[in-house]
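Line order of the protein sequences matches chains A and B. The opening residue of the first sequence carries number 1 in UniProt numbering; numbering runs sequentially from there. The opening residue of the second sequence carries number 1 in UniProt numbering; numbering runs sequentially from there. Yeah, the Cβ is synthetic: ideal placement off N, Cα and C, and Gly gets one too. Nothing here was measured: the structure is a model prediction, and the numbers come from that model. The next block holds one structure in the form of structure tokens; read it before the comments.
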Amino acid sequence: MGMFDPIKGFGVTFSTMFKKVVTEEYPEVKKVTAPRFHGRHQLNRHPDGLEKCVGCELCAWACPADAIFVEGGDNTDDARYSPGERFGADYQINYLRCIGCGLCIEACPTRSLTMTNEYELADDDRQKLIFTKEDLLAPLLPGMEQPPHPMRLGDNEQDYYVNGPALARDLLAGSSQGQSNAESAVKGAGK
Amino acid sequence: MTLAPEKSEVEVPEGHVKLVIDGFEVVAPKGELLIRTAERLGIVVPRFCDHPLLEPAGACRQCLVEVEMGGRPMPKPQASCTMTVADGMVVKTQLTSPVADKAQQGVMELLLINHPLDCPICDKGGECPLQNQALKHGRSDSRFHEHKRTFPKPLPISTQVLLDRERCVLCQRCTRFSAQIAGDPFIELLERGSQQQIGVAEGKPFQSYFSGNTIQICPVGALTSAAYRFRARPFDLISTPSVCEHCSSGCAERTDWRRGKVQRKLAGDDPEVNEEWICDKGRFAFRYATAGDRFTRPLVRDAESGELRETSWTEALQVAATGLAAARDAKGVGVLTGGRLTVEDAYAYAKFARVALKTNDVDFRARAHSAEELEFLTSTVLGTTPDNGGVTFTAIEAAPAVLCVAFEPEEEAPIVFLRLRKAARKKTKVFHLGQYTSPAVEKTFGTLLACVPGGEPAALNALEEHAADVTEALRGSGSVILVGERAAEVPGLFSAVARLAASTGAKVAWIPRRAGERGALEVGAVPNLLPGGRLVSDAAARSEVENAWGLVAGTLPTRAGRDTNGILVAAASGALDALVVAGVDPFDLPDPGLAQRALEFAGFVVSLELRPSAATAHADVVLPIAPAVEKSGSYLNWEGRRRDFGTTLEGTGALPDCRVLDTLAVEMDADLFTQTPAAAAADLDRLGSNVAEASAPTVSAPLLVQPTAGQAVLATWRRMLDNGSLQDEEPNLAGTARPVVAKVSAATAVHLGLDLGADITVSTERGSVTLPVEVADLPDGVVWLPGNSGPVTVRRNLVAGHGSLVAVAVSDGPSAEKSASDRGGNA
């Protein structure tokens, strides 16, 4: 046993002191994910707040883990949730089963289903990990209105799919001139 | 890689030709379409308009193949769905011919020019022939960038069927089905060129009892079901083969369900029975089983409050057993089973009555009935099956002549109607002994033998004198006489039918309206028969049954029991102490008042029911039972063909009647061995059948009562879509019911001073009903009413039936159509 052996034993320790720390301070400091990280899903909205989901079930079809349940519904003149005939009446994702593969968002024909970067999907209750439509729908942004409501951006779904963004800009521009929904929505959000 | 077969001398039978398809030598019967011959070889040519049960149209052009005749190729690819086989033909499909493949891709591209890309919101998505074939035989991209032609959508062409013209590929399957199969040409091709579209006449909805079939055969999503709209995708659904529980045809169906709920029913493919069609009632009427008021727990009448309260099975069965045992040992118990039971359940009732209740007072006939009917059923109907020469659907199709007696095929057994029409389109002569030229008479190209209600026996007896051509036609080998449920209301009619059959040699079939009637007859749920067609009065047959059931000799009651009417009279007058009632509605019976009195005065009533009925109000114990989708079993259809079906929705906890009765019998110290439908069927098989010989009834018809001034004779029967309780919760289906009108002849209208624009009031001393009137070719002095449609329930409103005398007058009040709010809930 050599004289320096005890110090040698600390060699690794000492050398590590000068390297970059890999420990994460989670949950005090939350990690920023890669921009395309597959996190919790979101059901997006059209610029006027109508849902993009048409309840086609292609996501459920694509899902290799059978984590998605969808049931379509019929839009009526009295209760419209999406442009066009059909909307997703019931939408559930079971995060106990979801493997985050992202096949569902590739399958979505209306870009309704996307994935956010939110990764905090743990709970102590299995029931709470079945996310329903209320949990998954995107928040109402300025200018959006909670469905059901009539189509604001055009007369039919073609207007939404073909000219949606342009019409939305017009809608926002038009409404910001005279004390609009959009502004009150912003104020509401501020409070 | 397929190898060319070795050269061989294939024997070509008479009437056949030899041709080559994709290098395979094949022998085909003359006249066969190329597409079918290819199919037999396992070569699938894509197609949209072609359907084996419809006439060829060549409308979609998708099935193009390359054809060579006598060594010379045809100049262009040919449609294989319209071209018949010929000797020496050489056919190359898309599998071997680049020309055919390119032609098919071109047609597909054309079909898709105007087809919207809305598969995600289309109900056909996932089971769409266009989608599948576009992926298989189409180009991967389109060269057309113009705007697609659009139409407003969806267009409801009836309350059941929605039309999306953008998606239509104009294959004409729906129009051909309507014109050829159903005979309801309400849906047609309109306009020309690129604007060509499917449509209905202005203000005339697509009203057909078979419209659901067009949804099923539509190869794209152009026709969709309002009831199934956006409910599910094919991959969500579990498909279970099932049998229709509505009428006595016993159609094969496919029940598609998701998460414990039936989403839709489709026609199954059974060439012997329903081919590929079912009626709209069979297709759409299934939500009654999920109605909110369905019983889920047994109910027992509380001794103190007098109200029904939910309780455990143990208590309910114990109360029921105690009550029934006490009644059995006193004056006796009557059993009314209703006509909608499976064979196994009906057998359990029959055995329960004999073994646990020691009585023959059991009857399945919850409708007008007579002793003559029972005699006829025993002598002529009992034990007939397709195997022993009974009348079948195929026999109807092959018959030279068919006589319908007191039977409305379209309303009472729609699939029989389709066969009749199919037969009539070929060569069969169809005669209807009825009251007016109903749509069914027209659509079967039939001859109406009109008679006054009640005059049917006389008409049949005089057939030889007045319509010798009918008897002549009926003498043709294989001719058929079809008798309907309504015959039981006409005394002497069954005797006349039996006489006519004997004199002409025509075969007779009895076609009841309800699914369970034929089965209940065979398993002895009638007062004079034991299971297997054995007579109660036959000592040898009784001991045979006693042996099989393990009973002490002499335990079976020896006297024939009471029929439904007898049971009700006895219960109402206190001659019976208790009733076991299953699926019986008083307003189906000739005297609803009597039925209600019987339920009221019977000391103890056990009701086995799915949902509240008239019996519930008087029941001491209510035992919930399973609807057809939640149990297995079998129906015996009118042919005598056994139609087995398995459980569609497993694990709902609902018990079939046979299980409930088995447990109830155990409480009463009797063993039925009917714990499950399979056990009941096995027990029935062990017993076997030993059909009794009996002679046909010889009841002479009474003299007709002539209507006096202001009176008419009532003709009435039920329509397919009416107030029946199995059609509850189906507003879309109800929307295609035929309008509720009375019918009289023009002369009668004048005679009675009726104004044809106004409403009339039809009345008896028991009640009246007011409804609009229409002229039809009825005999004079006759008024026709629908049996149980809208505000008109003949039994409830008038306490009358087919052949009763009623008073007819111009209405002075508002129409019942507008004022009546209550609907009868009769099955």
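Within the segment 435 to 508 of chain B, the runs of alpha helix (DSSP H) at least 4 residues long that lie entirely inside it are, in chain order, 439 to 443, 456 to 461, 463 to 466, 468 to 474, 493 to 504. Using a Cβ distance threshold of 8 Å, Lys743/B and Trp717/B do not count as a contacting pair.
Taking one beta carbon from each stretch, the segment 759 to 773 of chain B and the segment 666 to 680 of chain B have fewer than 3 pairs nearer than 8 Å; the two do not touch. When DSSP reads this structure, Pro624/B sits in a beta bridge with Glu609/B. Taking the C-beta atoms as reference points, Thr394/B is found no nearer than 8 Å to Pro624/B. The three-state reading of DSSP puts Lys281/B in helix, counting H, G and I together. The three-state secondary structure of Trp717/B, taken from DSSP, is strand.
Here Thr314/B carries a helix assignment [DSSP, helix/strand/coil]. Neighbours of Arg169/A in chain B, taken as residues whose beta carbon is under 8 Å from its own, are absent, since the nearest beta carbon is some 24 Å off.
Ranking Val782/B, Pro527/B, Gly516/B by CA distance to the CA of His246/B puts Gly516/B first. Secondary structure at Tyr81/A: coil, using DSSP grouped into helix, strand and coil. With contacts defined as CB atoms closer than 8 Å, Asp685/B and Leu374/B fail to qualify as a contacting pair.
The Cβ neighbour count for Met720/B, taken over all protein chains shown within 10 Å, is at least 16; the residue is labelled buried. In the structure shown, Asn117/A adopts coil according to DSSP, grouped into three states. Per DSSP, the beta bridge partners of Val783/B are Leu714/B, Val744/B. With respect to the 8 Å criterion, Cys59/A and Pro120/B are not classified as neighbours on the basis of their beta carbons. Secondary structure at Gln706/B: coil, using DSSP grouped into helix, strand and coil. Fewer than three beta-carbon pairs drawn from the segment 411 to 421 of chain B and the segment 517 to 529 of chain B are found closer than 8 Å, and the two stretches are therefore not classed as touching.
Under DSSP, Asp644/B shares a beta bridge with Ser634/B. With contacts defined as CB atoms closer than 8 Å, Ser242/B and Thr648/B qualify as a contacting pair. Ser211/B sits in coil when the DSSP states are folded into three classes, being neither helix nor strand.
Contact between Ala346/B and Gly533/B does not hold, since their C-beta atoms are separated by about 13 Å, which reaches or exceeds 8 Å. DSSP places His751/B within a helical segment (H, G or I) once states are collapsed to three. Taking the Cβ atoms as the reference, Gln105/B lies roughly 5 Å from Arg139/B, within the contact range of under 8 Å.
Using a Cβ-Cβ cut-off of 7 Å, Arg229/B is close to Asp74 of chain A, given in chain order. Distance from the Cα of Tyr161/A is smallest, within the candidate group Glu51/A, Lys19/A, Arg36/A, Thr33/A, for Glu51/A.
Of the residues Leu317/B, Val300/B, Glu315/B, the one whose Cα lies closest to the Cα of Arg309/B is Val300/B.
Interface annotation, Cys56/A: in contact with chain B, CB-CB separation under 8 Å. When DSSP states are grouped into helix, strand and coil, Ala65/A belongs to the coil group. Close partners of Ile157/B in chain A (Cβ separation under 8 Å) are lacking, with about 16 Å as the shortest Cβ gap. Classified as buried, Ala541/B has 16 or more neighbouring CB atoms from the shown chains inside 10 Å of its CB. For Ser370/B, no beta strand (DSSP E) run applies, since DSSP gives it neither H nor E. Here Gly566/B carries a helix assignment [DSSP, helix/strand/coil]. For Leu130/B, the secondary structure class from DSSP, reduced to helix, strand or coil, is helix. Close to Arg86/A, with beta-carbon spacing below 7 Å, are these residues of chain B in chain order: Ile121, Phe230. Interface flag for Pro83/A against chain B is unset, since no Cβ pair is found closer than 8 Å.
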